[in-house]
Structure formats: structure tokens, C-alpha cells
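Heads up, the thing below is written out as C-alpha cells.
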Amino acid sequence: MSIAIPQFQHPELLEIALTHPNHIYDQTNIIRSQQKERVLEHQGLANLGYVVFGRIVSRYLSNNFLSLGQATLTIIESDLVSRKMLSEFARNLKLRHFSLLGKSYKWKHKSEQDKILSQIFEALIGAIYLEFDRDLERTYHWLVKHCIAKAVNHILTTAFKDDSDLETDFQLIDWIEVLKLPLLNQNSLYRKNNPLPEC
């Protein structure tokens with residue numbers, strides 16, 4: 061499996077994390093009360109993972125990019141914890157191939173698929189945190205290595221490229237410009253077409 065944790069000691073946590081409620085409700089061989097219990101277990105892991113992920117993202121940004129200013133870090137953090145980004149993390153880890161997502165997953169709109177995958181990713185983070193005996197430091201290093209560092213670098217570099225087909229976060233660029241940080245290429249088309257007003 062691509063989560064890169066050899067000999068996962070609590071496989072039952074992985075099973076809970078990678079089984080979406082839609083799949084649980086598809087099953088006819090378990091009674092309703094058992095379905096609800098399993099759904100609550102998955103949702104509990106997802107809620108835990110969301111909190112842990114948010115704390116780790118905030119810490120990583122503060123540790124490494126404090127010079128960007130709190131407003132810019134808030135924008136980057138909101139991108140990282142968005143449903144779209146969480147679902148991308150899930151795809152990069154190939155969780156789609158290892159998860160039970162329900163019979164209707166493949167017919168759902170992409171936004172609904174993203175919602176499901178983001179919840180699976182959150183539940184996985186919750187499972188990893190518990191696998192690491194609630195050690196935030198170990199979870200931090202795993203997430204930074206496998207998800208966060210690359211995503212932050214991508215956000216910062218693509219925001220300053222001139223490719224018109226990129227989905228550029230111009231709000232982020234505006235903050236960088238206002239703060240007059242030396243991150244934006246002096247010759248970029250964005251800077252030429254949107255010069256800062258004279259003070």
C-alpha cells in the first residue's frame with residue numbers, strides 16, 4: 061500500500077478509515093444498528109484526522125514560512141485544508157484503489173467524489189495518528205514528507221508562473237505584492253500587467 065507505513069500494527073483502524081459510510085450502508089448482511097456503529101467509527105476517525113491535519117499544517121507553515129506574514133499563511137492554509145486539496149492527497153496516495161467507497165461512487169459528480177475522498181483521507185490521518193500512539197511529532201513528519209511539503213511548494217511556485225492556463229491564486233499573489241516579499245519574479249507577466257500603485 062502507498063501510505064508507506066510498514067507493518068501497520070492496528071489494521072482494524074485502516075479498515076475503518078478506508079471504508080466509507082456509503083459502502084457500509086450498501087451492505088445488507090449487517091443490521092441497521094451495526095451499520096450506524098461502523099459509520100460513527102469512521103466519522104470519528106475523520107473528525108480526529110481533520111483536527112490533527114489542521115494543527116500540523118498550521119505548525120508547518122509557521123515553522124517554515126513565517127516571513128510571509130500571517131495573512132498569507134492563512135490563505136495557504138485554507139488551500140491546504142480545502143476539500144479539493146484533501147481529495148488530491150487521497151488520489152496521490154492512491155486511496156481510491158484501496159478504499160471501499162460504495163456502489164454509487166463512480167456515478168457521482170466529481171465534487172461528490174472529492175467529498176468522499178477527502179473524508180477517506182481525513183479518516184486515514186486519524187488512523188495514522190492513533191497508530192503512532194497519538195504522537196503528533198511522528199504524524200507531523202509523516203504528513204510533511206508525504207503530503208504537505210510538496211503541496212506548499214506547488215502552491216508557492218505555481219502562483220508565480222506566467223502560464224495562463226494555471227489556476228492561479230491571485231489573492232495570494234496580491235498579498236505577496238503588498239508585503240513586498242522577494243518571491244515574485246521581477247519579469248513576470250503578472251507583475252508587468254498589474255504594477256503596484258505608486259505610494
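Here the numbering used here is used: the first residue of the sequence shown is 61, the next is one more, and so on. The beta-carbon is built from N, C-alpha and C at its ideal position, and this holds for glycine as well. The structure displayed is predicted, hence computed values, not measured ones.
R98 and P81 have their alpha carbons spaced roughly 8 Å apart. Contact between I208 and Y120 holds: CB atoms are separated by about 5 Å, below the 8 Å threshold. T218 sits in a helix when the DSSP states are folded into three classes.
Per DSSP, G129 is not a residue of any alpha helix (DSSP H), being assigned neither H nor E. In terms of Cβ geometry, R198 and L177 do not form a close pair [threshold 8 Å].
Scanning L196, F181, R143 for the CA closest to the CA of L74 turns up F181. In this structure the stretch 109–117 touches the stretch 132–141; the number of beta carbon pairs closer than 8 Å is three or more. Following the DSSP letters along the chain, one finds L161 in no alpha helix (DSSP H), marked with neither H nor E.
Rounded to the nearest whole angstrom, the C-alpha separation of L184 and G129 is 31 Å. For L78, the number of other beta carbons within 10 angstroms of its own is at least 16, and it is reported as buried.
Across the structure, I136 and V212 are spaced so that their CA atoms are roughly 8 Å apart. DSSP places T134 in the helix class (H, G or I) of the three-state scheme.
In the same chain as L161, and ignoring 5 residues on each side of it, the C-beta atoms closer than 7 Å to its own belong to H80, N82, H83, I176, in chain order.
For H83, the uninterrupted alpha helix (DSSP H) segment begins and ends at 81–86.
The straight-line gap separating the alpha-carbon atoms of N124 and N89 is approximately 50 Å. Here L133 is not near G186, since their CB atoms are 8 Å or more apart.
Taking each of L100, V117, L146, E72 in turn and checking the Cα distance to Q179, the smallest one comes out for L146. In this structure, the beta-carbon distance from W202 to I188 falls below 8 Å.
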